[in-house]
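Engineer: The listed protein sequences correspond, in order, to chains A and B. My numbering runs 124 ahead of the 1-based position in the first sequence. My numbering runs 124 ahead of the 1-based position in the second sequence. For each residue, glycine too, the CB sits at the ideal point set by N, CA and C.
Protein chains: 2
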Amino acid sequence: MPHHPIPLAPWRPVLAGILHRNRSVPYSRYLQLATVRPDGRPANRTIVFRGFLENTNQLKFVTDARSEKADQIAQCDWGEVCWYFTQTREQMRLGGQLTLICENYPDSQLQQVRQMSWQELSDAARSQFAWPHPGKARSETTAFTVAPPDAMQPLSHFCLLLLDPIEVDHLELRGDPQNRTLYHWVKNDWTVEAVNP
Amino acid sequence: MPHHPIPLAPWRPVLAGILHRNRSVPYSRYLQLATVRPDGRPANRTIVFRGFLENTNQLKFVTDARSEKADQIAQCDWGEVCWYFTQTREQMRLGGQLTLICENYPDSQLQQVRQMSWQELSDAARSQFAWPHPGKARSETTAFTVAPPDAMQPLSHFCLLLLDPIEVDHLELRGDPQNRTLYHWVKNDWTVEAVNP
Numbered sequence: 125m126p127h128h129p130i131p132l133a134p135w136r137p138v139l140a141g142i143l144h145r146n147r148s149v150p151y152s153r154y155l156q157l158a159t160v161r162p163d164g165r166p167a168n169r170t171i172v173f174r175g176f177l178e179n180t181n182q183l184k185f186v187t188d189a190r191s192e193k194a195d196q197i198a199q200c201d202w203g204e205v206c207w208y209f210t211q212t213r214e215q216m217r218l219g220g221q222l223t224l225i226c227e228n229y230p231d232s233q234l235q236q237v238r239q240m241s242w243q244e245l246s247d248a249a250r251s252q253f254a255w256p257h258p259g260k261a262r263s264e265t266t267a268f269t270v271a272p273p274d275a276m277q278p279l280s281h282f283c284l285l286l287l288d289p290i291e292v293d294h295l296e297l298r299g300d301p302q303n304r305t306l307y308h309w310v311k312n313d314w315t316v317e318a319v320n321p
Numbered sequence: 125m126p127h128h129p130i131p132l133a134p135w136r137p138v139l140a141g142i143l144h145r146n147r148s149v150p151y152s153r154y155l156q157l158a159t160v161r162p163d164g165r166p167a168n169r170t171i172v173f174r175g176f177l178e179n180t181n182q183l184k185f186v187t188d189a190r191s192e193k194a195d196q197i198a199q200c201d202w203g204e205v206c207w208y209f210t211q212t213r214e215q216m217r218l219g220g221q222l223t224l225i226c227e228n229y230p231d232s233q234l235q236q237v238r239q240m241s242w243q244e245l246s247d248a249a250r251s252q253f254a255w256p257h258p259g260k261a262r263s264e265t266t267a268f269t270v271a272p273p274d275a276m277q278p279l280s281h282f283c284l285l286l287l288d289p290i291e292v293d294h295l296e297l298r299g300d301p302q303n304r305t306l307y308h309w310v311k312n313d314w315t316v317e318a319v320n321p
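Have a look at this one:
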């Protein structure tokens, strides 16, 4: 997957401003990712925003190849994140294609990003990838007492997850009436439209 | 739709405790609802928890019949909410069937609940249902200057939305290791299982 430098999307400075204004709370980097299960039902869970993939508008996350979402994304690579910012009372919804960069992903540049994402985690976060299989019957407590994994080389089921938005919906609850802006990626360009909240 | 009194699900006291411990922040009643779009892609947005339908384990929300989610639910009546509680660092995911109680819904008992839900809203919240069509090109500011609608009788596109969970996933990020509990509705009863986080 080549990822040529592309222009900054018009919603990027907006999001950067929101993140800045909500920086006092660490959970402003927590958001909810919706995916579709193999049986066609939706799934939804909290994930952590890890910044943007350089020279793209793709959001970075990390996940465990053993998690249900990895299976879901393998079958339906579409996702929508919903991000609610408590301090400024704003919502950002971003829908687009998901790419899961696991151990066997062939692009060496993205493998490098996967490795860097591993290195940027805390010891505590890295240790979770050495924990027993998520979602399986609870293991003995001792199984969670693991030495911090190597900080340089990712464990095999550590994955980088990318979201490449093509639809972005920004809602400001403050303001009377509220403001809502839609951004669409159409024909290699972004459209921007003010809509009713 | 008859809704006979049923026993309180085992996750109900857990959720009640979480809501209590997070009561200092008003946004602890905000959560994210994932649905599936007619094209099979997921959608995700923030909604407000409005309590439980009496004598059931169904969560109440309200929505506008003109919103995209109403269309989505008409085609795929399955949803999963993801609820992140910032104060206690806990997540609750609840998946189940959605029921949209709009103006023409035939059950008179649920119509009564729809009416009560309207009456429980603030004037400001009710006024939003008198605003121009959500998602359409932005109307003149004057179109949002509406007299508060009648507080007793819901506007025609006001809908009650119910979620009847059959799968509940509770994750406590505090604790080392983290605790995760799954609740499943199987053969008319709830199973409870401790699983790996």
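Closer than 7 angstroms by beta-carbon distance: list the chain A residues that pair up with B/Ser263, in chain order.
Structural biologist: Simply Asn320.
Engineer: Where do the N-terminal and C-terminal ends of the beta strand (DSSP E) with A/Lys311 fall, by residue?
Structural biologist: Taken as a continuous stretch (DSSP letters only), A/Lys311 belongs to no beta strand (DSSP E), as it is neither H nor E.
Engineer: Within its chain, find whatever has a CB closer than 6 angstroms to the CB of A/Asn303; leave out the 5 residues flanking it on each side and keep chain order.
Structural biologist: Taken in chain order, the residues that qualify are Glu296.
Engineer: Below 8 angstroms between beta carbons is the criterion; list the residues of the region 195-211 of chain A that meet it against any residue of chain B, in chain order.
Structural biologist: Going along the region 195-211 of chain A in chain order, one finds Cys200, Trp202, Gly203, Glu204, Val205, Cys206, Tyr208, Thr210 with a Cβ nearer than 8 angstroms to chain B.
Engineer: Could you please give me the residues that DSSP links to A/Arg217 through a beta bridge?
Structural biologist: A/Arg217 pairs with A/Cys206, A/Asp293.
Engineer: Compute the Euclidean distance between the alpha carbons of A/Trp207 and A/His294, then round it to the nearest angstrom.
Structural biologist: So the alpha carbons of these two residues sit roughly 10 angstroms apart.
Engineer: Name the DSSP beta bridge partners of B/Arg304, please?
Structural biologist: Answer is B/Leu295, B/Val319, bridged to B/Arg304.
Engineer: Name the residues in the region 292-307 of chain B whose C-beta lies less than 7 angstroms from a C-beta of chain A; which are they?
Structural biologist: Cβ contacts with chain A: Pro301.
Engineer: So if I threshold CB-CB distances at 8 angstroms, which residues from the region 154-172 of chain B count as touching chain A?
Structural biologist: Those residues of the region 154-172 of chain B that come within reach of chain A (Cβ to Cβ, closer than 8 angstroms) are Tyr154, Gln156, Leu157, Ala158, Thr159, Val160, Gly164, Arg165, Pro166, Ala167, Asn168, Arg169, Thr170.
Engineer: Have a look at the DSSP bridge pairing and note the partners of B/Gln156.
Structural biologist: BP columns for B/Gln156 point to B/Thr170, B/Cys206.
Engineer: Between B/Cys200, B/Ala275, B/Val172, B/Val237, which lies nearest to A/Asp163 when the distance is taken from Cα to Cα?
Structural biologist: For the residues B/Cys200, B/Ala275, B/Val172, B/Val237, the minimum Cα distance to A/Asp163 belongs to B/Cys200.
Engineer: Measuring only the C-alpha atoms, how far is B/Asp300 from A/Ala254?
Structural biologist: Approximately 14 angstroms between the Cα atoms of the pair.
Engineer: On a Cα-Cα basis, can you pick out the residue from A/Pro131, A/Leu285, A/Val310, A/Arg147 that is closest to A/Arg238?
Structural biologist: Among A/Pro131, A/Leu285, A/Val310, A/Arg147, the Cα nearest to that of A/Arg238 is on A/Leu285.
Engineer: Out of curiosity, what's the CA-to-CA distance linking A/Pro272 and B/Asn320?
Structural biologist: Their backbone Cα atoms lie some 18 angstroms apart in a straight line.
Engineer: Identify every residue that forms a DSSP beta bridge with A/Ile225.
Structural biologist: A/Leu284, per the DSSP bridge assignment.
Engineer: State the start and end residues of the unbroken beta strand (DSSP E) segment that holds B/Val186.
Structural biologist: Segment 183-188, the beta strand (DSSP E) holding B/Val186.
Engineer: For a test of the three-state rule: what should DSSP assign to A/Ala261, helix, strand or coil?
Structural biologist: A/Ala261 falls in the strand class under three-state DSSP.
Engineer: Taking any Cβ of chain A, which residues in the region 240-268 of chain B have a Cβ under 8 angstroms from it, in chain order?
Structural biologist: Residues passing the 8 angstroms Cβ filter: Gln252, Trp255, Pro256, His257, Pro258, Gly259, Lys260, Ala261, Arg262, Ser263, Thr265, Phe268.
Engineer: Mind checking A/Met216: buried by the 16 CB within 10 Å criterion, or exposed?
Structural biologist: Result: buried.
Engineer: Under 7 angstroms Cβ-Cβ, which residues of chain B neighbour A/Arg217?
Structural biologist: The answer, in chain order, is Asn168, Arg169.
Engineer: On the premise that B/Trp202 lies in contact with B/Leu222, defined as a C-beta separation below 8 angstroms, what is that separation, rounded to the nearest angstrom?
Structural biologist: About 7 angstroms separates the two Cβ atoms, so the contact holds.
Engineer: Take A/Tyr229 and list the residues in its own chain whose beta-carbon comes closer than 7 angstroms to its own, dropping the five residues that flank it on each side.
Structural biologist: Hits under 7 angstroms: Gln235.
Engineer: Which partner residues does A/Phe176 have in the DSSP bridge list?
Structural biologist: For A/Phe176, which the question treats as bridged, DSSP gives the partners A/Leu183.
Engineer: CA-CA distance, A/Pro258 and B/Trp309?
Structural biologist: Roughly 21 angstroms separates the two Cα atoms.
Engineer: Going by C-alpha distance, which of A/Thr315, A/Val186, A/Glu291, A/Val316 is nearest A/Ser246?
Structural biologist: Checked all of A/Thr315, A/Val186, A/Glu291, A/Val316; the closest Cα to A/Ser246 is A/Val186.
Engineer: Quick one: does A/Glu214 have its CB under 8 angstroms from some CB of chain B?
Structural biologist: By this cut-off, A/Glu214 is not an interface position.
Engineer: Any C-beta of chain B sitting closer than 8 angstroms to the C-beta of A/Tyr229?
Structural biologist: A/Tyr229 does not count as touching chain B.
Engineer: Should A/Ser152 and A/Leu143 be called a contact, given that it needs their Cβ atoms to be closer than 8 angstroms?
Structural biologist: Closer than 8 angstroms, so yes.
Engineer: Look at the alpha carbon of B/Gly175 and the alpha carbon of B/Gly219, and state the distance between them as a whole number of angstroms.
Structural biologist: One C-alpha to the other measures close to 16 angstroms.
Engineer: Alpha carbon to alpha carbon, how far is B/Pro131 from B/Asn179? Give it in angstroms, no decimals.
Structural biologist: B/Asn179 and B/Pro131: Cα-Cα distance of roughly 8 angstroms.
Engineer: With DSSP run on the structure shown, which of helix, strand or coil describes A/Met240?
Structural biologist: Helix, per DSSP.
Engineer: Quick check: what's the CA-CA separation for B/Gln156 versus B/Ala318?
Structural biologist: Answer to the nearest angstrom: the Cα atoms are 24 angstroms apart.
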